[in-house]
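Enquirer:
Number of protein chains: 4
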Amino acid sequence: MHIAFIGMGGMGQPMALNLLAAGHELAVWNRSKEPTQEPVARGARACRAPDDVGTADVLISMLADDDVTHSVVVESGALAALKSGAVWINMATVSVAFTQRMAQLCSDRQLRYVAAPVLGRVDVAAAGQLNILAAGEEATLDEVQPLFDVLGKQTWRFGELPEQAAAVKLAANFMLASAIETMGESAALVEAWGVGKGEFLNMMTSTLFSAPAYKNYGAMIAEDRYQPAGFTMKLGLKDVRLAQQAAESRNVPMGIAGVLRDSYLDALAHGDEKLDWAALATVSARRSGQKK
Amino acid sequence: MHIAFIGMGGMGQPMALNLLAAGHELAVWNRSKEPTQEPVARGARACRAPDDVGTADVLISMLADDDVTHSVVVESGALAALKSGAVWINMATVSVAFTQRMAQLCSDRQLRYVAAPVLGRVDVAAAGQLNILAAGEEATLDEVQPLFDVLGKQTWRFGELPEQAAAVKLAANFMLASAIETMGESAALVEAWGVGKGEFLNMMTSTLFSAPAYKNYGAMIAEDRYQPAGFTMKLGLKDVRLAQQAAESRNVPMGIAGVLRDSYLDALAHGDEKLDWAALATVSARRSGQKK
Amino acid sequence: MHIAFIGMGGMGQPMALNLLAAGHELAVWNRSKEPTQEPVARGARACRAPDDVGTADVLISMLADDDVTHSVVVESGALAALKSGAVWINMATVSVAFTQRMAQLCSDRQLRYVAAPVLGRVDVAAAGQLNILAAGEEATLDEVQPLFDVLGKQTWRFGELPEQAAAVKLAANFMLASAIETMGESAALVEAWGVGKGEFLNMMTSTLFSAPAYKNYGAMIAEDRYQPAGFTMKLGLKDVRLAQQAAESRNVPMGIAGVLRDSYLDALAHGDEKLDWAALATVSARRSGQKK
Amino acid sequence: MHIAFIGMGGMGQPMALNLLAAGHELAVWNRSKEPTQEPVARGARACRAPDDVGTADVLISMLADDDVTHSVVVESGALAALKSGAVWINMATVSVAFTQRMAQLCSDRQLRYVAAPVLGRVDVAAAGQLNILAAGEEATLDEVQPLFDVLGKQTWRFGELPEQAAAVKLAANFMLASAIETMGESAALVEAWGVGKGEFLNMMTSTLFSAPAYKNYGAMIAEDRYQPAGFTMKLGLKDVRLAQQAAESRNVPMGIAGVLRDSYLDALAHGDEKLDWAALATVSARRSGQKK
């Protein structure tokens, strides 16, 4: 299968390398050139521009957000350069509204659109152990499943409409943000009574909450270790906002999402935009006067 | 060690049976008589009244809340009947303010107070696998540790002040309630986009959130299975309120706690007070018009 | 009518003076003696203790909260000293639960209980221009109406059950706190875009919001003038808590009340407990980084 | 002064008629033709299309939202048809981000942009008694002040940057929505204790809250009178969202705005989108089980 892969960021590059290692023919593009060097060294063709996708059967994009994806894939002409019947797999976290528009656009152009955002950070991507949240026409999903099998350890299908996977991914990130805020509020409560947050979180994440999300973020919160950022506060706010938009367009009130939004804004107003999004947990400490 | 155990409810009775099985001499009391029959059949002495605690070295109480504990242990004369130097281990979930008052009362009467609320439901208590959250003077904790070793699989110590364990327990229940509400809001979001909440929650609790709390409550939410109640909505609200009170007395804002409180009230206003507290997750569905 | 008036605080003393000026026979008591001097100089009898209420037909109390009222009126023996058929008019802001208990207590003792909390600060009390929010048996209200006519410009009756007036008063204070928080959030929003909050609030309180509550608190917020406190932050939080309790016991979710509670706690955690409760408006400024 | 007035809706038409009555030369346009008949009957010229603005010195637009304004004023060519130095006065409620973009666009094209949203509904517009919230270059504001004097009773200037007036208008609508929600929560509280919401709101809006906003909406809430809608729930949500966006782009947490958003969504999910936005007050009644 001829694949064009656009977006060699922290996630995209190791994913592309895995596809190369599995024997796929790959053309790659990235805004800055440096991240394409390793894939090219391992046999990928470097695209001169996004629209130099050649005869790709599948275009995979892994870009920052709606706007960047639109600019690089649509406005640049990459989509227009695809041959009829090709598949665009968007693996980034984008809005449901954007997903709906892109699915329509592909349909209008005799292309097929698959939404396949992922769970997992850079190391998980490198290990080919992502959880892939996919939605699109079943036959198309079957067709690209071999690629998902290279990139992830499991593919979860959520329906025929690409926006369904987008909604699932936003709900997943909402759950993570809520877990972080919840640990932050709990930590502030026990600290106020003289119990170390580390002791508390260690107990919780060793018992009822012994899940990767809690263990990972719980340890960061216990140690106040928010740099380097695996995923920034600014991106955390963006994803909460996208979850709220997805909810708003279907009249779903989400009380905790509103709390998260305000906590993120509080943190950004205090200069924390580049910290890891686990730093959301520091807002309760500051509000309660435990941290200056 | 001579032990008096007051409160043979769903949790208390199996705990008492475990102590008997481990060879401890036990006197038991319960408001209604039926639950004391099995412990008595296994060798416990039945107290005629709470103040018939005899020469107990240790009084363990496992009662519903602050008021019941005060009524049964203090007003009934049980505490006054203890000999000087005896230890009262309160294993129920009570308020930090009540804990502080009881610790002071014991201190005034040459008694020793230990707060040791637990994590785990009835089956876990029966298996002697509770997580015990203890606070009190270190020497006293050392002294009663053999009892904890019978009742639980692990004892976590949180300080010399009994209220520290009370605060930890309330923070733990807050985290559970937040997890339930978070799953409820997420479920409403994905359902609004046509994704089954069961599929979504199965994926989440198989991956990032593969912890007992999420697996257990996630399955109940997925199946709308809220009866029989392991822990009722009414008790859920009570514990959120206690967490808020503990937070308020130390000036800790907890945004999510406010959301939880309102969701519980919404549910109670709709007649759900006897359902399992996982039914908190249905509030988002009702508010978004997905459930009548 | 023989009146005993307990509580010569900022509100109580001018109210007592107005009753004296209207020709009523008055016995007064206050924990500290100084505030009773002026009423005594104008003809009031000084009680030696709360239970020295003599032959009073009516006992009026104006005390800080539930606990002080219980201590001074009930525990001290004042209530027990009243003759059968006497009326206790509680004009303070207390909880609905306390109001219910006091009404029951009076009923048990052949006394009559009237709840009559007021709207208006010290200067309004001095001018006899209070708005009196009354509830109790209609015949009793008719009987004491002449006293209300001296103390206030208007009496609003809200039912036969004293707790109804208590609930109304708590709802009124909730509306005030919400107005303050709303102005605080709005002020932070416009300031963030370079518009002076004073200009904004002046416009709003000159047009759609030209009400005493907004003009008064709007001016304080515009000028950051929170001292001397007419009503402290600590009392503001107390009243929001009482409103939440009144709501909780009837299963009424109040989303804004939750926001208010957290804002108060945030302010108290930053040392503002003695400021006027209008300082609630500063929390949004601090959270958004506009104020250090 | 030659004026082109685009948007003959409920607000725009009476405003245009007032300008005609004051002797101004007017060209009018509206998507549907009927609303232009009365202005034309009174001497206005009917534009064939938005770009038929002729030699207008001033273009006034009063359109539904960002998108309609962009479509009718920018995409249609109206703006491009204006002569250099002309002034575009946008009197609608639009986002701050859109306001910034339009101001830049005008600046690029040697046009001048004034933001002048208004407070007041249709009857106030007809009476020429609007409050006009203006921002733009001072000299330009001076130049168009005579028009504002015809349309409103007072013009409030908030700075040289048009977005400042946009932010003020959104803050004003936020304050209105908060007042409605606050009355709704209070009404649910007192009703839960058996006090009629009408009695309560009448007292409040006759005393501390005797402002037009409270009297107007308080009466609607007291009577459950939400039709015909002066301003719909859907538009209410839109404006809260715009306030949240304006706040988010400057890192301002607004706790009450989050509550409002969820209340609106709850109402829309229950089919109330066409009711007057005062129907926000019914959400608390429904959540507390007082209304089915």
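Chains as they are written, first to last, in the UniProt record's numbering: chain A, 1 to 292; chain B, 1 to 292; chain C, 1 to 292; chain D, 1 to 292. Heads up, the beta-carbon is just placed ideally off N, CA and C, and yes, glycines get one too.
1. Examine the Cβ distances between the segment 92–108 of chain C and the segment 13–28 of chain C and report whether three or more of them are shorter than 8 Å.
2. Return the chain-ordered list of same chain residues with a C-beta closer than 7 Å to the C-beta of residue 137(D), the five sequence neighbours on each side being excluded.
3. Report the partner residues of residue 115(B) according to the DSSP bridge assignment.
4. Specify, as a first and last residue, the run of the beta strand (DSSP E) that residue 152(A) falls within.
5. Note down the Cα distance separating residue 218(C) from residue 259(C), rounded to an integer number of angstroms.
6. Let me confirm a value: residue 239(B) is counted as buried when at least 16 other C-beta atoms fall within 10 Å, else exposed. Which label applies?
7. DSSP state of residue 259(B), grouped into three classes?
8. Who are the Cβ neighbours of residue 153(A) in its own chain at under 8 Å, not counting the five residues just before and after it?
9. Along chain D, which residues have their Cβ under 8 Å away from the Cβ of residue 288(B)?
10. Grab me the residues of residue 99(C)'s own chain with a C-beta within less than 7 Å of its C-beta, minus the 5 sequence neighbours each way, in chain order.
11. Using only CA atoms, which one of 210(D), 124(D), 281(D) and 86(D) lies nearest to residue 108(D)?
12. Assign residue 248(B) to buried or exposed, taking buried as 16 or more other Cβ atoms, counted over all protein chains shown, within 10 Å of its Cβ.
13. For residue 228(D), count neighbouring C-beta atoms within 10 Å of its own C-beta (all shown protein chains included) and say buried if the count is 16 or more, exposed if not.
14. Residue 6(D) bridges to which residues according to DSSP?
15. Taking contact to mean at least 3 C-beta pairs separated by less than 8 Å, is the segment 44–61 of chain A in contact with the segment 5–15 of chain A?
16. Identify, in the order they occur along the chain, each residue of the same chain with its Cβ nearer than 6 Å to the Cβ of residue 205(D), setting aside the five sequence neighbours on each side.
17. Got a sec: which bits of the segment 202–229 of chain D sit with their beta carbon under 7 Å from any beta carbon on chain C, in order along the chain?
18. Checking contacts by CB at 9 Å: is residue 104(A) closer than that to chain B?
19. Mind listing the chain A neighbours of residue 240(B)? Cutoff is C-beta to C-beta under 7 Å, in chain order.
20. Grouping DSSP H, G and I as helix and E and B as strand, with all else coil, what is residue 99(B)?
21. In the DSSP assignment, the alpha helix (DSSP H) including residue 197(D) goes from what residue to what residue?
22. So that I know if they touch, is there some Cβ in chain A lying closer than 9 Å to that of residue 123(D)?
23. Alpha carbon to alpha carbon, how far is residue 6(A) from residue 72(A)?
24. For residue 293(A), list the residues DSSP reports as bridge partners.
25. Hey, how far is the Cα of residue 275(C) from the Cα of residue 124(C)?
26. With DSSP run on the structure shown, which of helix, strand or coil describes residue 161(B)?
27. If the cut is a Cβ gap below 7 Å, which residues of chain A does residue 261(D) touch?
28. If you count every other CB in all the chains shown that lies within 10 Å of the CB of residue 39(B), and 16 or more means buried, which is it?
29. Please list the residues of the segment 167–186 of chain C that have a C-beta atom closer than 9 Å to any C-beta atom in chain B, keeping them in chain order.
30. Tell me residue 276(D)'s beta-bridge partners as DSSP assigns them.
31. Whole-angstrom Cβ separation of residue 210(B) and residue 211(A), contact assumed at under 8 Å?
32. So, with DSSP's three-state summary, where would you put residue 130(D)?
33. Should residue 269(B) and residue 289(D) be called a contact, given that it needs their Cβ atoms to be closer than 9 Å?
34. Can you check which of these residues, 91(D), 50(D), 175(D) and 146(D), is closest to residue 24(D) by C-alpha distance?
35. By Cβ distance, which residues of its chain are closer than 7 Å to residue 201(D), with the 5 residues on each side in sequence left out?
36. Can you find the residues in the same chain that come closer than 6 Å, C-beta to C-beta, to residue 266(C), ignoring five residues on each side of it along the sequence?
Expert: In terms of the structure at hand:
1. no
2. 112 and 160
3. 90(B) and 135(B)
4. 152–157
5. 19 Å
6. buried
7. helix
8. 128, 129, 130 and 131
9. 265, 266 and 269
10. 115, 162, 163 and 166
11. 86(D)
12. buried
13. exposed
14. 29(D) and 61(D)
15. yes
16. 214, 215 and 218
17. 203, 204, 207, 208, 209, 210, 211, 212, 213 and 214
18. no
19. Those do not exist, as residue 240(B) stays about 12 Å from chain A at its closest Cβ, beyond 7 Å.
20. helix
21. 197–206
22. no
23. 8 Å
24. Lying outside 1 to 292, the shown extent of chain A, residue 293(A) is not represented and no answer is given.
25. 21 Å
26. coil
27. 258
28. buried
29. none
30. 232(D)
31. 5 Å
32. strand
33. yes
34. 146(D)
35. 183, 187, 218, 221 and 222
36. 283
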